[in-house]
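Asks: To start, I am sharing the structure in question, which I have written as C-alpha cells.
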Amino acid sequence: MEVEPKFSPVAVRRDAKREAIHRAAIEQFAARGFAGTSMAHIANSAGMSRPALYQYFRDKGDIFQAAFVALFEDLVEQALSALRVPGSTAEQLDRFLQRYEGDLWERMAALPYADEIIKAKNADVAVAVATVVTRLTDGLTAFLEQRSPHAETRAEWVELLRWSPKGLTYDRPSVETYRRRLTALARAVAADLNSS
C-alpha cells in the first residue's frame, strides 16, 4: 500500500475538502439540529455529491464528531494564542477565557438546536474533545508556571479556570453577562496570582 507524503498536494486538497465539509456540517447542524440534518444536506452545503461525501466520512455521526473536534481545536488554538499576546496577567487570562469559553457560549447561545447538539455528543466525541482540551490545560499550566513557583496553587488556578466557567452558565446568562463574568474570574485569579 502506498502512503502519501505528509505535505503532498493530494493531502493538502483532502485537508481543504475536509475543512469545507466541517464548515458545511456545522452550518447544517446549527440550522437543522442533529436529527434534522442529513448527509444530503451536508453534501449540498459543501458543494459535493452525497457519494463523494462518503469518501471522507462513514456517516452523519462520523462527520459530527470530526466537525465538533475541529471546532474545539480552533477554540483551543485561539485561546492559547491569546495567552501569548502581551499584557497584564488579568488581560491575558481574560483573553484566554473569552476566546475559549466566551466564544463557545456565544456560538451555542445563537443556535436554536443547542441543547440537541450538546446531547448528540457520544462517548467517541467526548474522548476526542477531551484530548483536544488536554492541550488547552497544558498550555494554561505552562502559562501559569511562568508566573508562580507554587505548583499546588498553580494546579488550583488551572482547575478554577477550567471548571468555573461551566458554573457561570448555570442560569443561562446572556452572552454579555457571561463575558463579564469571565472577565471577573480572570481578574480574581490574576489578583491572587500577583499576590503570591
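Note that my numbering has the sequence shown beginning at 40, numbered continuously upward. Every residue, glycine too, gets a C-beta built ideally from N, C-alpha and C.
(1) Please report the distance separating the alpha-carbon of A63 from that of V172.
(2) Beta-carbon within less than 8 Å of R52's beta-carbon, same chain only, minus the 5 sequence neighbours each way: which residues are those?
(3) Mind checking which residues open and close the alpha helix (DSSP H) that includes T128?
(4) Do you know how far the Cα of I65 is from the Cα of D231?
(5) Measuring CB to CB, does R226 end up less than 7 Å from A129?
(6) Alpha carbon to alpha carbon, how far is R138 from M78?
(7) In the DSSP assignment, find the unbroken alpha helix (DSSP H) run with P84 in it and report its ends.
(8) How is G72 classed by DSSP in three states: helix, strand or coil?
(9) When you compare only the Cα positions, how much space is there between A59 and L132?
Replies: The answer reads as follows:
(1) One alpha carbon belongs to A63, the other to V172, and they sit about 23 Å apart.
(2) Only weak support is given to the placement of R52: the predicted model assigns it a pLDDT of 43, under 50, and the question is left unresolved by the model.
(3) That run of the alpha helix (DSSP H) goes 128-136.
(4) One Cα belongs to D231, the other to I65, and the distance between them is close to 39 Å.
(5) In this structure, A129 lies closer than 7 Å to R226 by Cβ.
(6) So the two alpha carbons sit approximately 30 Å from each other.
(7) Residue 84 is actually Ser in this sequence, not Pro. 78-85 is the extent of the alpha helix (DSSP H) around S84.
(8) Correct three-state label for G72: coil.
(9) Each residue's alpha carbon lies about 32 Å from the other.
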